[in-house]
Amino acid sequence: MRILVVGNGGREHALLWKLAQSSRVEELFAAPGNAGTARLAENLSVAATDIDGVLKAATTTKCDLVVVGPEVPLAMGMVDSLSAAGIPAFGPSRAAARLEASKAFAHEMMSKCNIPAAGSRTFSSFVEARKYVAQLRFPIVVKADGLAAGKGAIVAESFDEAETALRDMMERRIFGEAGDRVVIEEFLEGKEVSLLAFTDGINVAPMVPACDYKRVFDNDEGPNTGGMGCYSPPGFFDSAMARQATDAVLLPIVRGMADEGWDYRGVIYAGLMVSDRDIRVLEFNVRFGDPETQVILPRLESDLADILLSCVEGTLDPAAIRWTDRCSVGVVLASEGYPGSYRKGLPISGLDRNDADVALFHAATALSDNGGTMTSGGRVLAVVATGNSISDARDRVYDNVARVSFPGMMYRTDIALREVR
Ligand code: AMP
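Written out as structure tokens, the structure reads:
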């Protein structure tokens, strides 16, 4: 098989790393990829959001499958265009991708399918939203309806904070049209877990659960980021809870989408809040998580190319997918200043000093003119180790983190620590 992976982050590097282990894969391509993917695939200079460019690239490279990594091209309808041209593509259609692209739509579907979620109201008028918020007890959560690169959810502790969030989104339009509608949600307490699943539109095969760390600094301090680290499995989310979430959330949403006639093939990702009382949905994503993918795929024993193709062809067999009991921990190495402004183009050293079984997934790297590798964004690399226990994986990951360096490199030192204590 010849496979093209669309995207340029750590998630896409991890997908290519796993696909490269498949005996069925002949050649891999990335659009546009990064310095890490260049070691496994041919990087094509096509942007991840360039639908015509990806279509053309998939045709000229004679790819049998295109895997769309990020949410933006999915929401733009990249899979619809590829499918219409007869190119098998992994990912939901544009209509189905609204589950992530519109939080109001996700709430409508959850209510239609009786899926447990936070109570919510949607507003397209600032005045109405403000009036509603004025009578609530705090904290509440204010969310931009559309895609906002993970920054669109604000936990407001007071009316003033909620009003500021509403003004920023609806009047100042800091997220553009994504904030023209807002969803006001009840604040849920508990522990967060990400449960992803493969689906062919009918069958649902849950992956192993994972926990990510969104805040930039240790002890969950500082602003939200795209994710600073992750581990799998979380001790507080056992297999019975995973089954419960599959039955109460994943299966009903996939069936609900099918009932409406929306083709959902790809990954369905539920962000869940788990409390002593129940499990409720915080959000749906319509693609592999980043950095969840980097810790989940090292635990997958089955052939990823087979699974992705079976999702597209409608022949997914959940019982055939095997996972190891080993634990994995991933630590993101970021640029000083992230998620605010940071420097780029800084040389990275130690990229070949990791243990053979510890993965270094590139997220924002580029090749420099002298043949070295340099930083090209905020989240630069993810170091991922597996072990017989979380503690073992944690020790190994931090041992390997210490071998990489670039000016201003920063990372959290407490990833998965709560599982060890
Ligand atoms: P989202 O973009 O919807 O995943 O929200 C980002 C983060 O905000 C989540 O990972 C949670 O930590 C937090 N969050 C979102 N919705 C809620 C909620 N209803 N209650 C509590 N925390 C939330």
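Heads up: the sequence shown begins at 1 in our numbering, then just goes up one per residue. Ideal Cβ placement from N, Cα and C applies to all residues, glycine included. All values reported here derive from a predicted model rather than from experimental measurement.
Own chain, CB closer than 8 angstroms to residue i, minus 5 neighbours either side, in chain order
i: E301; result: R322, W323 and T324
i: A258; result: G201, I202 and Y264
i: L346; result: S335, M374, T375, F406, P407 and G408
i: V397; result: V329, G330, V331, V358, V383, V384, A385 and I415
i: M76; result: T49, I51 and R94
i: E71; result: A97, E100, A101, L147, N285, V286 and R287
i: V249; result: I115, P116, L195, A270, L272, I279 and V281
Residue i Cβ short of 8 angstroms to the ligand AMP heavy atom set
i: V155; result: yes
i: L308; result: no
i: M170; result: no
i: A101; result: no
i: A118; result: yes
i: V141; result: yes
i: F237; result: no
i: F90; result: no
i: L282; result: yes
i: L251; result: no
i: F187; result: yes
i: N219; result: no
i: N400; result: no
i: M273; result: yes
i: E192; result: yes
i: G179; result: no
i: G150; result: yes
i: N370; result: no
i: N43; result: no
i: N224; result: yes
i: K214; result: yes
Residues of its chain near residue i, where Cβ-Cβ distance is below 6 angstroms and the 5 sequence neighbours each way are ignored
i: S405; result: S349 and G350
i: D303; result: S22
i: D64; result: M1 and R2
i: A30; result: V5, T37, A41 and N43
i: A58; result: L4, V66 and I87
i: A106; result: L99 and F284
i: F236; result: K191
i: D80; result: S93 and R94
i: S120; result: H107, V183 and E185
i: F288; result: R11 and V267
i: G150; result: G226
Whole-Å CB distance - residue i paired with residue j, under 8 angstroms assumed
i: Q294; j: G266; result: Actually they are not in contact, since the Cβ atoms of Q294 and G266 sit about 18 angstroms apart, beyond 8 angstroms.
i: F198; j: C311; result: 5 angstroms
i: G408; j: S335; result: 6 angstroms
i: M273; j: E186; result: Not quite, the Cβ-Cβ distance comes to about 11 angstroms (not below 8 angstroms), so this is no contact.
i: V286; j: A97; result: 5 angstroms
i: S232; j: P209; result: 6 angstroms
i: D212; j: G227; result: 5 angstroms
i: A242; j: L195; result: 6 angstroms
i: D145; j: K103; result: 5 angstroms
i: A129; j: V182; result: 6 angstroms
i: A162; j: V133; result: 5 angstroms
i: R24; j: D306; result: 7 angstroms
i: M170; j: D180; result: 7 angstroms
Residues bridged to residue i [DSSP beta-bridge criterion]
i: L251; result: BP columns for L251 are empty, so no partner.
i: C230; result: D212 and G330
i: K191; result: V274
i: E185; result: S120 and V141
i: L196; result: Y269
i: L65; result: I3
i: A153; result: K143
i: N224; result: R215
i: P206; result: A197
i: M409; result: S335
i: S349; result: S405
i: F90; result: V67
i: A359; result: V384
Close Cβ partners of residue i (< 7 angstroms) along its chain, the five nearest in sequence each way excluded
i: E189; result: S275
i: N8; result: P32, G33, N34 and A48
i: S45; result: P32
i: V155; result: P139, V141 and F187
i: S158; result: F138
i: Q135; result: none
i: K18; result: L297, L300 and L304
Inside the region 361-386 only - beta strand (DSSP E) runs reaching at least 3 residues:
365-367 and 373-375
Report the residue ranges of all beta strand (DSSP E) runs contained in full by the region 265-329; include only those spanning at least 3 residues, in chain order.
266-274 and 279-285
Restricting to runs no shorter than 3 residues, where is the beta strand (DSSP E) found entirely within the region 14-81?
27-32 and 65-68
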